[in-house]
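K.L.:
One structure, as structure tokens, below. Some questions next.
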Amino acid sequence: MHPRSDLPLSDEDRRALLVRARRAILETVSSLRLPDLPPAAGRLADPAGAFVTLRCNGRLRSCMGRTDAVHALAETVVQCAITAALQDPRFGPLSAEEMTGLEIEISVVSELRPARPEDIETGIHGIVVSRGASRGLLLPQVALEHNWSTIQFLEAACRKAGLEAGAWRDPETKLFAFTAEVFSEIGLVSLDQQPARG
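First residue of the sequence shown? That's 36 in the numbering used here, and the numbers climb one at a time after it.
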């Protein structure tokens, strides 16, 4: 495995990840079998955390991912795509009929770093709020989508963790920040004609 890189992914790598995610979802949903994809190479073989967000006709359908950089990025994306399609506890499994209106968004995330509330820049940082067994994570784009202030962002992460909205002020609550490289199928053309590459 290559060392983790902070350089942005190329358009080719982004396209390859989106193609892998769509193929994984399509084959899993339609045939309940794992896709046969070529081995990852280059940046896609670097270990990285990622999240896959699914929208159907513009509405959130699922979002699943992992922050730990244990597996190759390509493998992480495929795993998260399948999990998002079938196992998001907030939604039922994706149906084959929903594939036509499906849009895939991928967020490749940096390592988590301890943070203070004043360190958080909305739209730049994603956050994890943790206390005991409770944990809530929000991706950076969520704050922008809702036009939240930093405090509203922190409160939403606390509520997602099942904590009081103001729990981020509690010294027992741990706060972590991360950044994400976010891209989706919108703007990347001819995805359905691109081969899945390493």
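Don't be surprised by glycine CBs; every beta carbon is placed ideally from N, CA and C.
#1: May I ask you to verify whether the stretch 142 to 159 touches the stretch 210 to 224, counting CB pairs closer than 8 Å and requiring at least 3?
#2: Do residue 162 and residue 192 have their C-beta atoms closer together than 8 Å?
#3: Rounded to whole angstroms, what is the Cα-Cα separation between residue 203 and residue 177?
#4: Taking DSSP as the reference, what is the three-state secondary structure of residue 68?
#5: Under 8 Å, do residue 131 and residue 87 count as touching if we go by C-beta distance?
#6: Along the alpha helix (DSSP H) that carries residue 185, what are the first and last residues, could you check?
#7: Among 125, 120 and 124, which one has its Cα closest to the Cα of residue 133?
#8: Buried or exposed, going by whether 16 or more other CB atoms sit within 10 Å of the CB of residue 225?
#9: Can you tell me the Cβ-Cβ gap for residue 109 and residue 55, rounded? I've got them flagged as a contact below 8 Å.
#10: Report the three-state DSSP secondary structure of residue 212 (helix, strand or coil).
#11: Does residue 142 pass the burial test, meaning 16 or more other C-beta atoms within 10 Å, or should it be called exposed?
#12: Residues in the same chain with beta-carbon distance under 7 Å from residue 220, minus the five sequence neighbours each way, listed in chain order, please.
#13: So, are the CB atoms of residue 59 and residue 70 less than 8 Å apart?
#14: Would you grab the beta carbon distance between residue 164 and residue 158 for me? Rounded to a whole angstrom, and I think it's under 8 Å.
#15: State the beta-bridge partners of residue 107 as determined by DSSP.
#16: I'd like the list of long-range same chain contacts for residue 215, defined as Cβ closer than 8 Å, with 5 residues on each side in sequence excluded.
#17: Distance check for residue 206 and residue 37, CA to CA, integer angstroms please.
P.N.:
Put simply:
#1: yes
#2: yes
#3: 18 Å
#4: coil
#5: no
#6: 185 to 195
#7: 120
#8: For residue 225, the predicted structure reports a pLDDT of 39, less than 50, and the residue's modelled location is therefore unreliable. The matter cannot be settled from this model.
#9: 6 Å
#10: strand
#11: buried
#12: 53, 138, 139 and 226
#13: yes
#14: The pair is not a contact, with the Cβ atoms about 18 Å apart (cut-off 8 Å).
#15: 82
#16: 86, 142, 143, 144, 145, 161, 174, 175 and 176
#17: Since pLDDT at residue 37 reaches only 39, below the 50 mark, its modelled position is unreliable, and the value read off the structure follows with that caveat. In a straight line, the C-alpha of residue 37 is about 37 Å away from that of residue 206.
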